[in-house]
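Read in UniProt numbering, the sequence shown has 420 at position 420, and its numbers run on one by one without any break. Beta carbons: idealized from backbone N, C-alpha and C, even for Gly. Contents: one structure, followed by commentary.
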Amino acid sequence: VTVSVLYWLLVSGGCSPTQHHRLVSHRALAFRLICQQAAFDTAASDCASSSRRGTLAAASVTPMMRSVSCIAASRVAQTTLKLAATAAPLAAQRFAAMDSAGSKSADMQQHPRVILTSERESIAPDLLRYEASFHHLMMRDVARHPADKVAFKCAASGQTVKYGEIAGLVRRYANVLYHKYGVRSGDRVLLMCPNTPTYVAYFHAILSLGAVVSPVNSLATPSEIARQARIAGATVLFAHDAFKPALQGSVEVEPLKVCYASVNTDGVDPVPESALAPEFAGPQDTIVLPFSSGTTGLPKGVQLTNRNLVANLLQTQVCCEFGEDDVMLAVLPYFHIYGLTVKLHGILHEGGTQITFPKFDMESYLDAIQREKATHCFVAPPIMVGFAKHPKTKLIDTNSVRTIMCGAAPLGADVQRMCEPLFKHASIGQGYGLTETSPVLTITLENGVYGRAGTLASDTEARIVVEDSTAADGFRDVLQGEEGELWVRGPQVMKGYLEAADTAQVLVADDDENAAKLGPWFRTGDIGFFDSLKQLAITDRLKELIKYKGSQVAPAELEALLLTHEAVADAIVVGIPAGDDCGEVPRAHVVLQAGATPSPELANAIKEHIKSRAAPTKWLRGGVKFVDAIPKTASGKLLRRVVREQERQAARKAEE
Numbered sequence: 001v002t003v004s005v006l007y008w009l010l011v012s013g014g015c016s017p018t019q020h021h022r023l024v025s026h027r028a029l030a031f032r033l034i035c036q037q038a039a040f041d042t043a044a045s046d047c048a049s050s051s052r053r054g055t056l057a058a059a060s061v062t063p064m065m066r067s068v069s070c071i072a073a074s075r076v077a078q079t080t081l082k083l084a085a086t087a088a089p090l091a092a093q094r095f096a097a098m099d100s101a102g103s104k105s106a107d108m109q110q111h112p113r114v115i116l117t118s119e120r121e122s123i124a125p126d127l128l129r130y131e132a133s134f135h136h137l138m139m140r141d142v143a144r145h146p147a148d149k150v151a152f153k154c155a156a157s158g159q160t161v162k163y164g165e166i167a168g169l170v171r172r173y174a175n176v177l178y179h180k181y182g183v184r185s186g187d188r189v190l191l192m193c194p195n196t197p198t199y200v201a202y203f204h205a206i207l208s209l210g211a212v213v214s215p216v217n218s219l220a221t222p223s224e225i226a227r228q229a230r231i232a233g234a235t236v237l238f239a240h241d242a243f244k245p246a247l248q249g250s251v252e253v254e255p256l257k258v259c260y261a262s263v264n265t266d267g268v269d270p271v272p273e274s275a276l277a278p279e280f281a282g283p284q285d286t287i288v289l290p291f292s293s294g295t296t297g298l299p300k301g302v303q304l305t306n307r308n309l310v311a312n313l314l315q316t317q318v319c320c321e322f323g324e325d326d327v328m329l330a331v332l333p334y335f336h337i338y339g340l341t342v343k344l345h346g347i348l349h350e351g352g353t354q355i356t357f358p359k360f361d362m363e364s365y366l367d368a369i370q371r372e373k374a375t376h377c378f379v380a381p382p383i384m385v386g387f388a389k390h391p392k393t394k395l396i397d398t399n400s401v402r403t404i405m406c407g408a409a410p411l412g413a414d415v416q417r418m419c420e421p422l423f424k425h426a427s428i429g430q431g432y433g434l435t436e437t438s439p440v441l442t443i444t445l446e447n448g449v450y451g452r453a454g455t456l457a458s459d460t461e462a463r464i465v466v467e468d469s470t471a472a473d474g475f476r477d478v479l480q481g482e483e484g485e486l487w488v489r490g491p492q493v494m495k496g497y498l499e500a501a502d503t504a505q506v507l508v509a510d511d512d513e514n515a516a517k518l519g520p521w522f523r524t525g526d527i528g529f530f531d532s533l534k535q536l537a538i539t540d541r542l543k544e545l546i547k548y549k550g551s552q553v554a555p556a557e558l559e560a561l562l563l564t565h566e567a568v569a570d571a572i573v574v575g576i577p578a579g580d581d582c583g584e585v586p587r588a589h590v591v592l593q594a595g596a597t598p599s600p601e602l603a604n605a606i607k608e609h610i611k612s613r614a615a616p617t618k619w620l621r622g623g624v625k626f627v628d629a630i631p632k633t634a635s636g637k638l639l640r641r642v643v644r645e646q647e648r649q650a651a652r653k654a655e656e
């Protein structure tokens with residue numbers, strides 16, 4: 001086989017650029033066959049995996065790959081036939097000539113695509129079968145579950161809502177919104193409510209009228225609410241009574257008609273049948289208008305459609321095996337897309353029970369795991385850190401927990417390792433997604449997979465892309481294992497932002513065979529790579545990388561290392577200016593564990609902790625600053641922009 005392969009490589013060099021392109025995958029396969037015999041399989045496997053997709057171009061064959069392959073061929077030749085010893089260097093010459101020809105033609109052509117495709121079961125048949133709107137699909141699900149089964153229970157008050165009560169609550173609130181607040185089809189209604197058992201009724205009451213729900217962050221100020229209403233074009237705010245003191249008398253909110261959850265729903269006429277949302281609404285109709293977190297800029301309205309939410313619900317079900325006996329602790333907010341799609345509707349779809357938390361408290365959460373015999377915990381990294389470091393975790397019975405899924409931000413490998421012995425019967429995994437993708441893009445539920453966010457959801461494709469001035473469109477795909485910006489497409493990708501100009505910056509049209517089915521490419525703005533198992537690793541945000549002497553430093557990596565220090569409870573890293581010669585240097589803001597005392601000695605110890613675990617370019621040359629709390633969004637994402645602004649203000653004061 002080796003001799004045949006080498007001979008083929010030897011004689012195939014005199015081909016045209018077109019023939020050369022067709023031979024690409026065979027060349028990569030030849031690499032692998034040779035390298036396997038020479039014990040170079042690790043170096044060759046990435047090359048072969050690209051060849052199976054027909055995406056490895058000659059220009060992509062690195063000098064290291066060529067040298068490894070030729071060395072491998074020479075070693076095989078020494079132990080097999082003398083002919084191979086002659087063929088190997090000649091084959092190397094052919095490769096060099098072909099690569100030269102390929103690189104010249106590449107200047108005039110588009111760089112080849114390296115597209116990773118989901119290997120999960122397709123949801124396409126089910127997506128076609130579910131022609132009803134998202135609202136009607138969920139109401140069907142509610143109706144098929146036992147009427148006396150508890151759907152929601154408040155962890156604080158014990159209030160419950162059963163499956164048989166949901167449809168009635170939806171109708172009653174819809175009656176009020178229609179007759180007393182004038183909500184009609186196509187209107188946009190703000191919904192501001194903590195996680196309560198009746199959230200589902202408020203949400204679907206709005207959808208039942210054909211209106212669009214725009215969830216509001218429970219921590220939003222009156223001015224932020226007014227801004228969201230203005231951008232969304234909303235005139236009605238449905239709010240929980242807990243927010244009444246902040247909203248009443250607010251000048252910013254005054255133009256809005258505010259309907260509180262305690263509104264009397266008795267004796268209100270039913271909504272006319274003609275005013276209700278049609279069962280078979282358009283799949284591209286916008287039904288939810290969440291606002292992106294704004295961690296890299298001002299929040300933007302994200303248009304999610306019937307098709308988006310139905311698709312992501314089905315994609316989640318392929319990955320997560322929910323059932324009617326499951327109990328999930330719903331602590332991540334429903335106003336966040338992760339909580340809305342995966343938790344609120346994912347469990348509702350399958351008939352399980354959700355334990356709601358109006359606000360988060362670690363001790364109450366741990367108590368609920370044992371008291372409610374929770375089977376699923378959907379959390380963010382701060383809660384995982386709490387699991388790892390809270391003394392009560394070791395004292396409670398966690399045997400009922402089968403799944404812990406972490407999302408909203410990257411989970412450090414060390415934190416995951418610390419949690420695994422505490423939940424002996426649970427699979428601990430990560431998921432990755434964005435508001436713009438409804439949100440699930442990748443997911444894994446396998447123990448022992450560290451620092452990875454999982455494999456692609458059903459019917460999802462991805463590329464890893466870098467900027468390249470030689471490419472016709474300014475971008476070039478990199479090979480599996482290399483780092484770049486993640487681009488994705490699939491049925492869960494948003495229709496667009498409210499502003500066309502914002503949409504144009506992130507949605508990139510394509511004309512290949514899958515474009516009609518999967519839509520445009522969405523630029524996530526996240527930096528990452530896919531490993532040899534097609535597991536996604538997110539290393540940082542494109543706009544949050546620290547540039548130190550030309551090297552890119554990922555804050556998330558340093559934050560994960562900081563959390564392994566025994567004195568550190570929480571941490572965030574930002575870049576601070578350090579002159580033209582350095583650009584920026586990393587500075588850590590650290591929250592200490594109870595009992596630890598801030599001191600210069602401890603700051604130095606933390607810096608040394610990083611030095612012993614990270615490359616010199618990643619050392620905390622900006623120092624360590626002790627703080628009381630780390631600013632975060634309600635979903636647990638670190639607000640790096642807030643910390644950067646704090647640093648800028650401190651620098652300005654120092655200059656005065």
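query	result
Would the C-beta of I123 count as close to the ligand MG, meaning under 8 Å from any of its heavy atoms?	This structure does not include the ligand MG; it has no bound ligands of any sort.
CB T455 to CB S118, shorter than 9 Å?	yes
Under 8 Å, with one C-beta from each stretch per pair, do the stretch 348-362 and the stretch 320-339 reach the 3-pair mark?	yes
State the Cα-Cα distance for the pair T460 and R402, rounded to the nearest angstrom.	26 Å
By alpha-carbon positions, which one of Q315, A462, K547 ends up nearest to R120?	Q315
DSSP has L207 in a bridge; who is on the other side?	DSSP lists no partner for L207.
Would DSSP call R184 helix, strand or coil?	coil
Can you tell which of S599, D126, A155, L602 has its C-alpha closest to the C-alpha of M362?	A155
Please return the same chain residues whose Cβ sits closer than 7 Å to the Cβ of N217, not counting the five positions on each side in sequence.	F335, A634
Have a look at P229 and L304 and give me their C-alpha separation to the nearest angstrom.	Strictly speaking, residue 229 in this sequence is Ala, with Pro absent from that position. Computed Cα separation, rounded: 17 Å.
Please list the terminal residues of the continuous alpha helix (DSSP H) segment that includes Y365.	362-371
Measuring alpha carbon to alpha carbon, tell me which of F357, R171, A234 ends up nearest E273.	R171
For I396, which residues in the same chain have their Cβ closer than 7 Å to its Cβ, ignoring the five residues on either side in sequence?	L366, I369, Q370
Helix, strand or coil for Q303 per DSSP?	strand
Curious, which full-length alpha helix (DSSP H) runs of at least 4 residues does the UniProt domain "AMP-binding enzyme C-terminal" (557-637) contain?	600-611
What is the DSSP secondary structure of H240, reduced to helix, strand or coil?	coil
When you compare only the Cα positions, how much space is there between G481 and F626?	36 Å
Are the beta-carbon atoms of V311 and P491 separated by less than 9 Å?	The identity of residue 311 in the sequence shown is Ala, whereas the question assumes Val. For A311 and P491, yes; Cβs fall inside 9 Å.
Once the 5 residues before and after H565 are set aside, which same chain residues still bring their CB inside 7 Å of it?	I606, H609
Please work out which residues of its chain come closer than 8 Å, Cβ to Cβ, to D468, disregarding the five sequence neighbours upstream and downstream, and give them in chain order.	H111, G474, F475, R476
Does the beta-carbon of D628 have 16 or more other beta-carbons within 10 angstroms, so that it is buried, or is it exposed?	exposed
What span of residues does the beta strand (DSSP E) with V213 cover, start to end?	212-215
Can you give me the start and stop residues for the alpha helix (DSSP H) that R523 sits inside?	No alpha helix (DSSP H) contains R523, which is instead part of the beta strand (DSSP E) from 521-530.
Could you give the distance in angstroms between the alpha-carbon of V508 and the alpha-carbon of W521?	5 Å
Can you tell me whether G412 is buried or exposed, with buried defined as 16 or more other CB within 10 angstroms of its CB?	buried
So for C259, helix, strand or coil by DSSP?	strand
Tell me, please, whether the stretch 500-507 touches the stretch 138-154 by the rule of three or more beta-carbon pairs shorter than 8 Å.	no
Please list, in chain order, all residues of the same chain as L344 whose beta carbon is under 6 Å from its beta carbon, the five residues on each side excluded.	Y334
Would T196 and H240 be called neighbours here (beta carbons separated by less than 9 Å)?	yes
Buried or exposed for N308, please, with buried defined as at least 16 other CB atoms from any protein chain shown within 10 angstroms of its CB.	buried
Which of the three DSSP states, helix, strand or coil, is assigned to F152?	strand
Would you kindly check if the distance between the Cβ of I355 and the Cβ of M384 is under 9 Å?	no
Let's test the definition: count the other Cβ atoms within 10 Å of the Cβ of E254 and tell me whether it reaches 16, buried, or not, exposed.	exposed
Let me know if F280 comes out buried or exposed under the rule of 16 or more other beta-carbons within 10 Å of its beta-carbon.	exposed
Does the structure place the stretch 527-535 close enough to the stretch 566-579 that three or more beta carbon pairs sit under 8 Å?	no
Are the beta-carbon atoms belonging to L256 and L209 less than 9 Å from one another?	no
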